[in-house]
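Protein chains: 2
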Amino acid sequence: MDFRSLEVFVWVATLGSFRGAAAKLNTTQPAVSQRIAQLEADLGVQLIDRSRRAVAPTARGRLLLTGAERLLRLSAELRAEVGSREAVKATLRLGVSETIVHTWLPRFIERVSGEYPKLAIAIEVDITPVLAERLAAHEIDLAFLLGPVVGPATRKMTLCRFPLAFLASPALGLCGRPVGLAEVVRVPLVTFSRRTAPYAALAERLAGFDPRPRVHASASLATVLRMALDGIGIALAPPAIAEREIAAGRLGIVEVEESLPDLAYTASWPAAPDGFLAEALAKLALEEAGR
Amino acid sequence: MDFRSLEVFVWVATLGSFRGAAAKLNTTQPAVSQRIAQLEADLGVQLIDRSRRAVAPTARGRLLLTGAERLLRLSAELRAEVGSREAVKATLRLGVSETIVHTWLPRFIERVSGEYPKLAIAIEVDITPVLAERLAAHEIDLAFLLGPVVGPATRKMTLCRFPLAFLASPALGLCGRPVGLAEVVRVPLVTFSRRTAPYAALAERLAGFDPRPRVHASASLATVLRMALDGIGIALAPPAIAEREIAAGRLGIVEVEESLPDLAYTASWPAAPDGFLAEALAKLALEEAGR
DNA sequence: AGAGGTTACGGGCAGCGTAAGGATC
DNA sequence: GATCCTTACGCTGCCCGTAACCTCT
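In order, the protein sequences belong to chains C and B.
Using my numbering, you'd call the opening residue of the first sequence number 1 and step up by one each time.
Using my numbering, you'd call the opening residue of the second sequence number 1001 and step up by one each time.
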């Protein structure tokens, strides 16, 4: 009975699948089989009921599950307490919204590399709903994304709020004076992907307009900016992602009275026994995002 | 960081010695060295201060010590909770007083073999003070001996009480009628080894007699009985050890008014992280001793 | 000089991945 | 028949024990 076997068992019992546990643990399915078989032989007890398609822990297995989760949690806490950060050697899969990539993610990565030099971070950039799914499927360990993730098995921490603004090329002549929304929407708007919360909020706000304003959506925030820079449309995005362009005068903030809700970004991670590192990184992210 | 490394570390930190830990864990000193070095590399922290003759844990090491003890205790509890007794595979070193060997130890061994078929028990028979020392030195894991063991790091459980009696060969003509102590001590007494509590109690009781009664002491209880059977003296011992001889009429109980204190036997085991099995066996012993 | 910890080296075994086999829906 | 778990097999790497070395008292 070692930590590794307990970890494998916890994932098999939680996911109800040997293959799923193998995928989660970056190993092969026979390796998982072998560890479970060995654990059962070691304890002299059947732990997993394999008779059905979806495997499930037996009564004894459920007993072990709670105990194993506690042991793994305590061992992770102990590691964090006595071990040096320099010695943390692992790979953490991080999902991030593009907004964050263009704001404080570089600072965060720098900070993590300094504090955990042996920690490898695998970054996945995608829109919030995709990341939320991957988080639920345990395919990423930590995500910085828009709004809280629903689901009981997820822990979260609010990181930062970005106000939304209309960003336009100065060539459009909309900057430097108060402008009504009706005037703005004569030019196409360019914003986040259709499946995101800001797009939905914008669509709701524009519902009454006739003719219906044109709204372009891009899954790539960099592309949104590019389109605004080229005068194709007005970007609805956090000014924070375009600091350089605004400072250089290539983009300006359109002074619209009506405000859209801020974008609240949160860190989310599964409340799994290996979530301790994710929580530590979330705290670091909070520090960096707050600057 | 696995259970084995934590166990090795706990013993090194507790005993203040690599060699001592190796002896306790039935392995070699280099193996202990390697495990500690590996644990330190794994955590990226120095855990043991080797600068002095008696090694000691560093500040970080003390942190790890408390956490490791808790983890080991919890894992032992988890094993006991979900694992089957048939699967318990270990060697437990048991120290027993000779009295118990001659009474309920065979029943106890039988019972343990039934409940824990893969558990090997190494029995050491000796007098209580020797066993208490060996217990303190972690050279035995569990002891059934006379009276409680002093020491803060020891847990105990009262098992049984044996009344003391004077056992004499019927040829001496002392059985079957009330006899005063003064008459008894005309014959030499034969009892436990000089270093034991019953011997001390007897010596105190006989302090006022003149001439001083002769008292033979034997480290072997079987020899005490042999001497009584041969009429060399009167045995002061629990009748329970001589049931067969009494039933066969080869020994009789001398009816002396003044009674000596009962012998109270206890199970004792170190409050070490691996004491869980010892505790379970002590409970079994309590059941068998109570019959 | 002796006791105690470290380093070096060789053998054994557990654990993993690949590949083939069997059971269940 | 497709999916999922088990079994078989070869390999790598860890861990242990033996032995030689270093250090401190």
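Backbone N, C-alpha and C fix where the C-beta goes; we use that ideal spot for every residue, glycine too.
This one's a predicted model, so the numbers in the text were calculated from it and none came from an experiment.
Using a CB distance below 8 Å, no part of the region 1006–1034 of chain B faces chain C. Per the C-alpha coordinates, the member of C/Ala-222, C/Gly-67, C/Ile-48, C/Arg-52 positioned closest to C/Ala-59 is C/Ile-48. Scanning the region 165–205 of chain C for uninterrupted beta strand (DSSP E) segments of 3 residues or longer gives 165–168, 189–191, listed from N- to C-terminal end. Looking from the CA of B/Glu-1040, the closest CA among C/Thr-66, C/Gly-67, C/Ala-41, C/Ser-84 belongs to C/Ser-84. With fewer than 16 neighbouring CB atoms inside 10 Å of its own CB, B/Asp-1262 falls in the exposed class.
Exposed is the label assigned to B/Lys-1283, since fewer than 16 other Cβ atoms lie within 10 Å of its Cβ. Residues of chain C with a Cβ closer than 8 Å to the Cβ of B/Arg-1079 are, in chain order, Met-1, Leu-43. Nearest CB-CB separation between B/Glu-1279 and chain C: not below the 8 Å threshold. By the Cβ-count criterion, B/Asp-1126 is buried, with 16 or more other Cβ atoms from all chains shown falling within 10 Å of its own Cβ. When beta bridges are read from the DSSP output, B/Asp-1049 appears opposite B/Ala-1056. Excluding residues up to 5 positions away in sequence, Ala-1165, Leu-1167, Ile-1246, Ile-1253 lie with their Cβ nearer than 7 Å to the Cβ of B/Pro-1239 in the same chain.
Residue environment analysis places B/Lys-1089 among the exposed positions, since fewer than 16 neighbouring C-beta atoms fall within 10 angstroms of its C-beta.
Taking C-beta atoms as the reference points, B/Ile-1234 and B/Leu-1189 count as a pair closer than 8 Å.
Between B/Ala-1122 and B/Leu-1131, the C-beta spacing is not below 8 Å. Taking a Cβ-Cβ cut-off of 8 Å, the neighbours of C/Glu-86 in chain B comprise Gly-1044, given in sequence order.
Contact with chain B is absent for C/Gly-114, since none of that chain's Cβ atoms lies less than 8 Å from the residue's Cβ. The beta carbons of C/Glu-86 and B/Gly-1044 sit about 5 Å from each other, so the pair counts as a contact at 8 Å. In terms of Cβ geometry, B/Ala-1267 and B/Ala-1285 form a close pair [threshold 8 Å].
For B/Leu-1281, the enclosing alpha helix (DSSP H) has its first and last residue at 1276–1289. In this structure, B/Glu-1124 lies away from B/Gly-1151, with their beta-carbon atoms at least 8 Å apart. Bounds of the beta strand (DSSP E) holding B/Ser-1268 are 1263–1270. Between the beta-carbon of B/Leu-1071 and that of C/Ser-5 there is about 15 Å, and that puts the pair past the 8 Å contact cut. Using beta-carbon distances, C/Arg-60 counts as an interface residue toward chain B, with a partner under 8 Å. Across the structure, C/Arg-161 and C/Thr-223 are spaced so that their CA atoms are roughly 22 Å apart.
Note: C/Lys-89 is not bridge-paired with any residue in the DSSP secondary-structure output. DSSP places B/Ile-1234 within a strand segment (E or B) once states are collapsed to three. Using a Cβ-Cβ cut-off of 7 Å, C/Gly-83 is close to Leu-1043, Gly-1044, Val-1045 of chain B, given in chain order. For the pair C/His-216 and C/Val-187, the Cα-to-Cα distance works out to about 11 Å.
Secondary structure of C/Arg-155 (DSSP, three-state): strand. Under DSSP, C/Gly-252 shares a beta bridge with C/Ala-168. Beyond the five residues adjoining it in sequence on each side, B/Phe-1108 comes within less than 6 Å, by CB distance, of Ala-1285, Glu-1288 in the same chain, given in chain order. According to the DSSP assignment, B/Ala-1013 belongs to the alpha helix (DSSP H) that extends over 1003–1015. Residues of chain C whose Cβ lies closer than 8 Å to the Cβ of B/Arg-1070 are, in chain order, Leu-74. C/Arg-35 sits buried, since 16 or more C-beta atoms from the chains shown fall within 10 Å of its C-beta.
In the DSSP assignment, C/Ile-246 falls within the unbroken alpha helix (DSSP H) covering 243–247.
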